[in-house]
Amino acid sequence: MEGIVIKSTGSWYLVQTQEGETIKCKLKGRFKTQGIKSTNPIAVGDVVSFVLQKEEGIGLIKTIHQRRNYLIRKATKLSSRSHIIAANIDYAILVISLAFPRTSSGFIDRFLLSAEAYHIPSILVFNKIDLNDAELQAHLDEWSRIYTKIGYPCFPLSAKTGEGIESLKKKIQNKTNLFSGHSGVGKSALINAIQPGLQLITSDVSDSTEKGTHTTTFAEMHPLDIGGYIIDTPGIKGFGLIDFIPKEVPSYFLEFTEYAANCKFHNCTHTHEPNCAVIKAVKSGAITQSRYNNYLAIIKDDYFSEKPY
Ligand SMILES: Nc1nc2c(ncn2[C@@H]2O[C@H](COP(=O)(O)OP(=O)(O)OP(=O)(O)O)[C@@H](O)[C@H]2O)c(=O)[nH]1
Ligand SMILES: [Mg+2]
Ligand SMILES: [Zn+2]
Numbered sequence: 001m002e003g004i005v006i007k008s009t010g011s012w013y014l015v016q017t018q019e020g021e022t023i024k025c026k027l028k029g030r031f032k033t034q035g036i037k038s039t040n041p042i043a044v045g046d047v048v049s050f051v052l053q054k055e056e057g058i059g060l061i062k063t064i065h066q067r068r069n070y071l072i073r074k075a076t077k078l079s080s081r082s083h084i085i086a087a088n089i090d091y092a093i094l095v096i097s098l099a100f101p102r103t104s105s106g107f108i109d110r111f112l113l114s115a116e117a118y119h120i121p122s123i124l125v126f127n128k129i130d131l132n133d134a135e136l137q138a139h140l141d142e143w144s145r146i147y148t149k150i151g152y153p154c155f156p157l158s159a160k161t162g163e164g165i166e167s168l169k170k171k172i173q174n175k176t177n178l179f180s181g182h183s184g185v186g187k188s189a190l191i192n193a194i195q196p197g198l199q200l201i202t203s204d205v206s207d208s209t210e211k212g213t214h215t216t217t218f219a220e221m222h223p224l225d226i227g228g229y230i231i232d233t234p235g236i237k238g239f240g241l242i243d244f245i246p247k248e249v250p251s252y253f254l255e256f257t258e259y260a261a262n263c264k265f266h267n268c269t270h271t272h273e274p275n276c277a278v279i280k281a282v283k284s285g286a287i288t289q290s291r292y293n294n295y296l297a298i299i300k301d302d303y304f305s306e307k308p309y
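With our numbering applied, the sequence shown covers 1 to 309.
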């Protein structure tokens, strides 16, 4: 039998067949992964073949079908192992809140970089606009302008009041959409607003730490009445990058590429070289300083320090 993994707990999986039946599945003892050192061999969105064990009514997963794509991050900051967030996705959607909890531009840029490296189009959703005062709103407008110009669609909205939800729905209908972001930014609340009746559990951000409480604990894929799916995922703290060759990083900062062609050295790292057109563009304001700072932080990341440029 064949189906798509719609829920993953790590020890068992819920697989939906083409006929719409959902079957609880486990992994066959020794399971060959696709050469990725990952804490989870199978992720939500994977298409799998399994054998139904008639007596227990559960399936044994034998193989994963070739993935069209996947999004991956380091399991923990210091780990060399990776965690596949989801597979076979059309849009990687980062849900951001500017206050309570705060999402940093560094986190956003790491997420975008990874999605670029894995050829997955990304969308930025700025949730909780009902909480924004004038200062935060100005901040949001600025980020929205910057990222839209680079080519990332931005959707300011409120899962609470419903403002802005319709235009996001138009964008994501008939697609498989991954929702990721820090705990407490409102991923599950937003999915409830998009697909009434789901009643996903949400919980308040802690007053003292201003952080979420990790309410969603397993990735799960939900079908939408408007067509397509949303994958809700547990909140993540950081976005550790994996499998990058440092010299590839500039090409994933999309707005750098048109300037990089004019750098004096073809292998310019845009850090210290003379006649660097990217640095010039940062100075003139054509490239946003925060994007450049995040670029520098990423290439100086511990992960890269073992590998010389
Ligand atoms: N004011 C306001 N609060 C919101 C909005 N969206 C979500 N919240 C609240 O934010 C809190 C966290 O929402 P969740 O949906 O549980 O957040 P999450 O991103 O799913 O968090 P994890 O499952 O822990 O990763 C809840 O108290 C929600 O009611 C919004 O647009 N405005
Ligand atoms: Mg949640
Ligand atoms: Zn340069």
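Ideal Cβ positions, reconstructed from N, Cα and C, are used throughout, including at glycine.
Keep in mind the model is a prediction, meaning the values are calculated, not measured.
Which listed residue (the options) has its alpha carbon closest to that of residue i
| i | options | result |
| --- | --- | --- |
| Ile64 | Val48, Arg73 and Ile72 | Val48 |
| Thr288 | Asp109, Gly57, Ser180 and Val185 | Asp109 |
| Leu311 | Leu200, Pro196, Ala159 and Ser11 | Nothing in the structure corresponds to residue 311, since the chain is present only between 1 and 309. |
| Asn294 | Pro274, Ser284 and His270 | His270 |
| Ala260 | Ile245, Ala277 and Pro246 | Ala277 |
| Asn69 | Gln53, Ala87 and Ser290 | Ala87 |
| Pro196 | Gly162, Val15 and His214 | Gly162 |
| Cys154 | Val95, Pro101, Leu14 and Asn192 | Val95 |
| Lys62 | Phe265, Glu210, Glu2 and Ala117 | Glu2 |
| Arg102 | Gly235, Thr9 and Gln66 | Gly235 |
| His182 | Ile191, Thr176, Gly212 and Leu198 | Gly212 |
| Ala219 | Ile85, Lys54, Phe50 and Thr17 | Ile85 |
| Ala43 | Met221, Lys283, Val51 and Cys263 | Met221 |
| His272 | Gly285, Glu258 and Tyr292 | Tyr292 |
| Val125 | Lys264, Thr209 and Ser167 | Ser167 |
Proximity test, residue i beta-carbon vs ligand 1 heavy atom, cut-off 7 Å
| i | result |
| --- | --- |
| Asn319 | Any question about residue 319 goes unanswered here, given that the chain covers just 1 to 309. |
| Gly184 | yes |
| Lys187 | yes |
| Ser343 | Outside the displayed span of the chain (1 to 309) sits residue 343, for which this structure offers no information. |
| Lys149 | no |
| Lys283 | no |
| Ser158 | yes |
| Arg57 | According to the sequence displayed, residue 57 carries Gly and not Arg. No, ligand 1 has no heavy atom inside 7 Å of this Cβ. |
| Asp130 | yes |
| Leu98 | no |
| Gly317 | The displayed coordinates of the chain run from 1 to 309. Any statement about residue 317 would go beyond what the structure contains. |
| Gly197 | no |
| Gly164 | no |
| Leu94 | no |
Neighbourhood of residue i by C-beta, 8 Å cutoff - its chain only, sequence neighbours within 5 removed
| i | result |
| --- | --- |
| Lys169 | Ile194 and Ile226 |
| Ser82 | Ile36, Lys37, Ser38, Thr39, Ile72, Arg73, Lys74, Ala75, Ile242 and Asp243 |
| Asp344 | Past the boundaries of the shown model lies residue 344; the chain is included only from 1 to 309, so the question cannot be answered. |
| Pro308 | Residue placement at Pro308 is flagged as unreliable, the pLDDT there being 37, under the threshold of 50; the coordinate-derived value follows with that caveat. No residues qualify anywhere along the chain. |
Distance between residue j and residue i (C-alpha atoms, nearest Å)
| i | j | result |
| --- | --- | --- |
| Lys280 | Asn127 | 34 Å |
| Phe111 | Phe253 | 11 Å |
| Thr217 | Thr202 | 11 Å |
| Ser80 | Gly238 | 14 Å |
| Phe179 | Leu136 | 23 Å |
| Phe256 | Gly151 | 12 Å |
| Gly106 | Ile23 | 40 Å |
| Asn174 | His214 | 28 Å |
| Leu224 | Ile146 | 30 Å |
| Leu14 | Gly29 | 17 Å |
| Glu19 | Asp46 | 17 Å |
| Ser122 | Ala115 | 7 Å |
| Ala99 | Glu21 | 41 Å |
| Lys26 | Ile58 | 7 Å |
| Lys160 | His266 | 49 Å |
| Asp130 | Leu140 | 12 Å |
| Glu142 | Thr17 | 44 Å |
| Val5 | Ala286 | 43 Å |
Contact set for residue i: own chain, Cβ-Cβ below 6 Å, skip 5 residues either direction
| i | result |
| --- | --- |
| Glu306 | Annotation note: pLDDT 40 at Glu306 (below 50); position unreliable, no value reported. |
| Phe304 | In this prediction, Phe304 has a pLDDT of 48, which is less than 50 and means its spatial position is unreliable; what the coordinates show is noted afterwards. Pro246, listed in sequence order. |
| Ser188 | Leu200, Thr202, Thr216 and Asp232 |
| Ile299 | Pro246 and Val249 |
| Asn177 | Tyr91, Ile93 and Ile230 |
Proximity test, residue i beta-carbon vs ligand 2 heavy atom, cut-off 7 Å
| i | result |
| --- | --- |
| Asp301 | no |
| Thr215 | yes |
| Asp204 | no |
| Asp232 | yes |
Within-8 Å CB hit, residue i to chain B
| i | result |
| --- | --- |
| Ser251 | No chain B appears in the structure shown, which is made up of a single protein chain. |
Same chain only: Cβ atoms within 7 Å of residue i, ignoring 5 sequence neighbours per side
| i | result |
| --- | --- |
| Ile120 | Asn69, Leu71, Ile89 and Ala92 |
| Ile165 | Leu157, Ala193 and Ile194 |
| Ser97 | Thr103, Asn127, Lys128, Val185 and Gly186 |
| Ser290 | Ser105 |
Around ligand 3, Cβ to any heavy atom closer than 5 Å, ordered along the chain: Cys263, Cys268, His270, Cys276 and Val278
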